[in-house]
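Asker: Residue numbers (the working numbering): 603 to 1286. What follows is a structure written as structure tokens; I'll ask about it next.
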């Protein structure tokens, strides 16, 4: 049996459906899972164990048998904790078959097969009775069904069903309750992930302002949460307009309602400003008294407490539908609306304790930008320094006779190019793949100045250009299908496809690109790929082996994308250019390859290599998608916050090999011009 998987093709810039082996999806699920991260989450594991022990003790003190239902068991860890704590029997439910099979092996390896039954079903399909999956209802409900937003993995309907059909009334629950906290803030940096700001351009005939269309200005966006590592957000990048307040709590020991609802809280602003963002996180109490607490609170909430790093639970950024001015001391009402899987927020002037309305409906994007662009793409387009460099480079290549073709997704370059030479009579800007930018052109009165061509590069004809030759070809380059830094080299393939339409002296901007690499030590990110071995006294090596096998399944020696501004690291080597791509020439038929070694200039644990692209727009004008600077002698790295960098973890991390102290790292890197992919290998 075969399965079809969608994958971006860097040579065409398109998503393609490829036929894969039946177990391909399974290996991807395991390889990219957060199981290792969860197993390394010491705080989570210790608190769960404490809560489970306490719940089993309370049931035993009542003279009852302790029957545990563990929904979403994964490795079986929480069930083994319950059995070890004295539970009489545990039902461990896991819907993902490979994971359920692994749980059976792990449970057996740890000697709990007689106490734990693994059920490979969705919990809503589990039956109770003499001939059912469970002999009787459980009196202890243990789950770990939470994501960063708390409810995004379907925790509420799962709990609702479990209370109706699988557990006893008045059961113990671990965790016992969850509480969601919010804080109202103003932040230009985060607001730039949601709205497009006006852009000032210094043109020869005076200042020009590129304005976003009203449809984008007034658009409420989408209800999808922006989950990030808020602990990497400097306090200088936001202003708290309110104290931290409790938004709502859910008691998991009682019947849970999953139906859509709205929660409200009154806030008294502690500072005047523009309310733009709701920051949110949650904590879970593992026991009714709240003495065993696991919190996701960011650094400024409990500044004296040690922070547990985790990547499977982070913090939430919610964007209000519009910017709202608030005054210090003048109360406002914050409403949190939710359905079964997502939440969204609205702010109103306080009118008594309750509003009659049931809260705003789920926001619907009307401008399409929030559906087509990532948060990072919004930030990229709002980056003034980045725009300044493109303007500076465009000035060097445009003249009165320029016929310009722009190849990028949703780019402002054609607008910039027009404003930088708009008064010349024979001036055309032709644009390929502008994602619904017609509203943008209309708002800036450019409908008759910029021609949108809806055709792939290889299908372009002279008639598309009114039989003129292209003298300037420009691109950021940015394509929405790109996952890894070098996928935007699709620009090179598109440039090759339009070669016959270029003048013999045509200028290409950027003129070239280069792939760069640096060896780093991660503060914490290494944990997501590091074997756990023993977790709270239980042997989970079977899970480690599963992850390793899946990482090596056909896609070994592969890098993965991560936004490294969220994941601190220090450089152990100087950055090194390893491959160059000359856009002034067409894509060659032969592969581009390089090998060499990089010397380590700092001591540390060599966790992996980071790779990124730099685009050389014009002489001495470049754009980096990766390293911005190494900011101190200790090697602290600052990364481009609008791009994901490629991370290649060394075997010392994935195989849990003893970390040596090498003097150099050797590498082999090859760019396959037929597939547009980069293969690499590193040796310490």
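All residues carry an ideal CB built from backbone N, CA and C; glycine is no exception. Please read these numbers as outputs of a predicted model, since none were measured by experiment.
Give a yes or no on whether the C-beta atoms belonging to residue 1280 and residue 1210 are separated by under 8 Å.
Answerer: Working through the chain shown from its first residue, we reach residue 1280 at position 678. Working through the chain shown from its first residue, we reach residue 1210 at position 608. Not in contact: residue 1280 and residue 1210 (Cβ atoms no closer than 8 Å).
Asker: Quick test of your reading: residue 1091 and residue 1278, contact by CB under 8 Å. State the CB separation rounded to the nearest angstrom.
Answerer: Counting from 1 along the chain shown, the entry for residue 1091 is found at position 489. Counting from 1 along the chain shown, the entry for residue 1278 is found at position 676. Confirmed, about 6 Å.
Asker: Using alpha carbons as the reference points, say which of 1196, 1122, 1098, 1224 lies closest to residue 1185.
Answerer: Residue 1185 sits at position 583 when you count from the first residue of the chain shown. Measuring from the Cα of residue 1185, the nearest candidate turns out to be 1098.
Asker: Look at residue 1286 and residue 1252 and say whether their C-beta atoms are less than 8 Å apart.
Answerer: For the purposes of this step, residue 1286 is taken as the residue at position 684 of the chain shown. For the purposes of this step, residue 1252 is taken as the residue at position 650 of the chain shown. Going by C-beta atoms, residue 1286 is nearer than 8 Å to residue 1252.
Asker: Among the candidates 844, 851, 856, whose CA atom is the shortest distance from the CA of residue 868?
Answerer: Stepping through the chain shown from its first residue, residue 868 is reached at position 266. The residue with the shortest Cα to Cα distance from residue 868 is 844.
Asker: Once you ignore the five residues that flank residue 1139 on each side, which residues in its own chain have a CB closer than 7 Å to its CB?
Answerer: For this step, residue 1139 is matched to residue 537 along the chain shown. Correct list: empty, nothing qualifies.
Asker: For residue 1253, report the span of its alpha helix (DSSP H) as first-last.
Answerer: Taking the chain shown and counting its residues from 1, the one referred to as residue 1253 is at position 651. Taken as a continuous stretch (DSSP letters only), the alpha helix (DSSP H) holding residue 1253 covers 1253-1256.
Asker: Would you kindly check if the distance between the Cβ of residue 654 and the Cβ of residue 687 is under 8 Å?
Answerer: Counting from 1 along the chain shown, the entry for residue 687 is found at position 85. Counting from 1 along the chain shown, the entry for residue 654 is found at position 52. Against a cut-off of 8 Å, the Cβ pair of residue 654 and residue 687 comes out as a contact.
Asker: Does DSSP classify residue 946 as helix, strand or coil?
Answerer: Within the chain shown, the letter at position 344 stands for residue 946. Of the three classes helix, strand and coil, the one that applies to residue 946 here is strand, per DSSP.
Asker: Taking the continuous alpha helix (DSSP H) assigned at residue 972, which residues delimit it?
Answerer: Here residue 972 corresponds to residue number 370 of the chain shown, with the count starting at 1. Segment 971-974, the alpha helix (DSSP H) holding residue 972.
Asker: Relative to the C-alpha of residue 758, which candidate in 773, 943, 911, 1228 has its C-alpha closest?
Answerer: By 1-based counting over the chain shown, the position of residue 758 is 156. The shortest Cα separation from residue 758 among 773, 943, 911, 1228 belongs to 943.
Asker: Apart from the five residues just before and just after residue 1177, which ones in its own chain have a Cβ nearer than 6 Å to its Cβ?
Answerer: Reading the chain shown from its first residue, position 575 is the one you call residue 1177. Hits under 6 Å: 1118, 1120, 1229.
Asker: Give the list of continuous alpha helix (DSSP H) stretches no shorter than 4 residues that lie fully inside the segment 720-782.
Answerer: Qualifying alpha helix (DSSP H) stretches, in chain order: 757-767.
Asker: Do you know offhand how far residue 750's Cα is from residue 886's?
Answerer: Your numbering for residue 750 matches position 148 in the chain shown. Your numbering for residue 886 matches position 284 in the chain shown. Computed Cα separation, rounded: 12 Å.
Asker: Per DSSP, what kind of secondary structure is residue 784 in: helix, strand or coil?
Answerer: Locating residue 784 in the chain shown gives position 182, counting from the first residue. In this structure, residue 784 counts as strand in the three-state DSSP scheme.
Asker: Please report the residue range of the beta strand (DSSP E) in which residue 924 lies.
Answerer: Along the chain shown, one-based indexing puts residue 924 at 322. Note, residue 924: beta strand (DSSP E), 917-928.
Asker: Rounded to the nearest angstrom, what separates residue 611 and residue 618 at their Cα positions?
Answerer: Numbered from 1 along the chain shown, position 9 holds the residue referred to as residue 611. Numbered from 1 along the chain shown, position 16 holds the residue referred to as residue 618. Answer to the nearest angstrom: the Cα atoms are 7 Å apart.
Asker: Roughly how many angstroms separate the alpha carbons of residue 940 and residue 873, rounded to a whole number?
Answerer: Within the chain shown, residue 940 is the residue found at index 338, counting from 1. Within the chain shown, residue 873 is the residue found at index 271, counting from 1. So the two alpha carbons sit approximately 28 Å from each other.
Asker: Which residue or residues does DSSP assign as beta-bridge partners of residue 1211?
Answerer: For the purposes of this step, residue 1211 is identified with residue 609 of the chain shown, where counting begins at 1. Answer is 1121, 1250.
Asker: Rounded to whole angstroms, what is the Cα-Cα separation between residue 660 and residue 927?
Answerer: Numbered from its first residue, the chain shown carries residue 660 at position 58. Numbered from its first residue, the chain shown carries residue 927 at position 325. Taking the straight line from one Cα to the other gives about 50 Å.
Asker: Following the continuous beta strand (DSSP E) through residue 1073, name the residue where it begins and the one where it ends.
Answerer: Taking the first residue of the chain shown as position 1, residue 1073 is located at position 471. Note, residue 1073: beta strand (DSSP E), 1072-1076.
Asker: I'd like to know if the segment 965-976 and the segment 893-911 are in contact, where contact means that at least 3 CB-CB pairs between them fall below 8 Å.
Answerer: Segments in contact, no.
Asker: Based on Cα-Cα distance, which residue from 1093, 742, 1245 lies nearest to residue 1187?
Answerer: Reading the chain shown from its first residue, position 585 is the one you call residue 1187. Comparing Cα positions, the closest option is 1093.
Asker: According to DSSP, simplified to helix, strand and coil, what is residue 1287?
Answerer: Here the chain has residues from 603 to 1286 only, and residue 1287 is not among them.
Asker: Leaving aside the five residues before and after residue 851 along the sequence, list all residues of the same chain whose C-beta is less than 6 Å from its C-beta, in chain order.
Answerer: Translated into the one-based positions of the chain shown, residue 851 becomes position 249. Here the set comprises 779, 781.
Asker: Report the partner residues of residue 1042 according to the DSSP bridge assignment.
Answerer: Locating residue 1042 in the chain shown gives position 440, where the first residue counts as 1. According to DSSP, residue 1042 bridges with nothing at all.
Asker: Helix, strand or coil: which one does DSSP assign to residue 894?
Answerer: For this step, residue 894 is matched to residue 292 along the chain shown. Coil at residue 894, not helix or strand.
Asker: For residue 991 versus residue 1223, is the C-beta spacing smaller than 8 Å?
Answerer: Counting from one through the chain shown, the residue named residue 991 turns up at place 389. Counting from one through the chain shown, the residue named residue 1223 turns up at place 621. Their beta carbons are under 8 Å apart, which means residue 991 touches residue 1223 by this criterion.
Asker: Can you pull the DSSP bridge partners for residue 1226?
Answerer: The residue given as residue 1226 occupies position 624 in the chain shown. Beta-bridge pairing links residue 1226 to 1216.
Asker: At what residues does the alpha helix (DSSP H) containing residue 1190 begin and finish?
Answerer: For the purposes of this step, residue 1190 is taken as residue 588 along the chain shown, with counting starting at 1. From DSSP, residue 1190 is part of no alpha helix (DSSP H); its letter is neither H nor E.
Asker: Beta carbon of residue 1000: closer than 7 Å to some heavy atom of the ligand FAD?
Answerer: What this structure holds is no ligand at all, so the ligand FAD is not there to describe.
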